[in-house]
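Undergrad: For the sequence shown, full-length UniProt numbering assigns the number 24 to the initial residue and increments by one for each residue that follows.
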Amino acid sequence: NKLVHPTSAKLPPAVTPPPQPFQPSKSLNDRVGLIRGDITTLAVDAIVNAANRSLLGGGGVDGAIHRAAGPELLRECRTLGGCETGSAKISGAYRLPCRKVIHAVGPVYDVLRPETSEALLRGCYTSSLRLAAESGCRSVAFSAISTGVYGYPSREAAPVAMRAVREFLEEDKEGKIELVVFVTFEKKDVDAYNDFLPMFFPPE
Ligand code: ADP
C-alpha cells in the first residue's frame, strides 16, 4: 500500500510566508495622509463624496465626482433612496480610478447650534469608515465634508474630522482600515488641516 498518511508526508518548504497578523503601529501616523488635490484622481479603495440628501449630484466635489465617474453613477445613486444628514451610503465608482464611492451627507453649518453640526459632521466620518470597513475598503480618501457650500468653518471642521478618524482607527484593532487620506482643495482647508494634523496625529 503506497498511501502515506497525510501527517507523515513531508511538506514542501513554504514559498509564500503565512499572512501576518496586523501589527498596530505605535503611533497612528503611518495610517493617515494629507494631500491637496482633486479627489477624483485618487486610486484608493474608496473616496468619500460630500453629497446632499438626494444623492443625485450637486456642485463642488459632488459635481466633480459625478462628471468623472460618468452617468452610471447617477443611475446607481437613484436606487439608493437618498441619505440622512450625518450618515453615508456606498456605490460603485464606474469610470473613476477608485473602487467605491462613499456618499456622506454633511450638515449645513448652523451657527446657532454648532454642537449639532459637530455631531452630524462626526457621523459622516464614522459612518463612512464603518461602511468602508464592511465593504473591504482598506484605503479611504475624504473630501473636506461641509466646508464648501455648506459653510462649515474649516478650522472647526478639521479637528472634528481628525478626532473621528483617530477614534475609529484606535478602535479598529484588526486594522481593517490601513490608510485614511484627507484631501484638501482650497487654501483655507490646506492651512487648517496642516495646522491640526500634528495635534491629532503627533510625530513620533
Ligand atoms: P459641501 O456642500 O459639503 O460643503 P462642497 O463640494 O461645496 O460640499 O465642498 C466640500 C469640499 O470639497 C470643499 O473643501 C471643497 O473645496 C472641496 N472640493 C471641491 N472640489 C473638489 C475636488 N475635485 N477634489 C477634492 N475636494 C474638492
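Glycine included, C-beta positions come from ideal geometry on N, C-alpha and C.
For the putative contact between Ala215 and Ser177, defined by C-beta atoms under 8 Å, what is the C-beta separation to the nearest angstrom?
TA: 4 Å
Undergrad: Helix or strand or just coil, what does DSSP make of Asn72?
TA: strand
Undergrad: Let me confirm a value: Glu157 is counted as buried when at least 16 other C-beta atoms fall within 10 Å, else exposed. Which label applies?
TA: exposed
Undergrad: Suppose contacts are defined by Cβ-Cβ distances below 8 Å. Is Phe165 in contact with Val71 by that definition?
TA: The answer is yes: Cβ separation under 8 Å.
Undergrad: How big is the Cα-Cα spacing for Cys100 and Ser114?
TA: 7 Å
Undergrad: According to the neighbour-count rule (16 or more other Cβ atoms, all chains shown, within 10 Å of its Cβ), is Gly171 buried or exposed?
TA: buried
Undergrad: Could you name the residues of the same chain whose beta carbon sits closer than 6 Å to that of Gly81, not counting the 5 residues immediately before and after it, in chain order?
TA: Asn75
Undergrad: Using DSSP bridges, identify the partner residues of Ala111.
TA: Ala111 pairs with Ala127.
Undergrad: Bridge partners of Ala164, per DSSP?
TA: Ile70, Val204
Undergrad: Does the ligand ADP have a heavy atom nearer than 7 Å to the CB of Gly198?
TA: no
Undergrad: Measuring CA to CA, which of Glu227, Ala111, Val188, Pro182 is closest to residue 238?
TA: An answer regarding residue 238 cannot be provided, because it is not within the stretch 24 to 227 covered by the chain.
Undergrad: Using only the alpha-carbon positions, how far apart do Leu51 and Glu194 sit?
TA: 12 Å
Undergrad: What does Ile58 pair with, by DSSP beta-bridge criteria?
TA: Residue pairing of Ile58 in beta bridges, as defined by DSSP: Val206.
Undergrad: Which one of Tyr173, Ile200, Leu79 has the shortest CA to CA distance from Val163?
TA: Ile200
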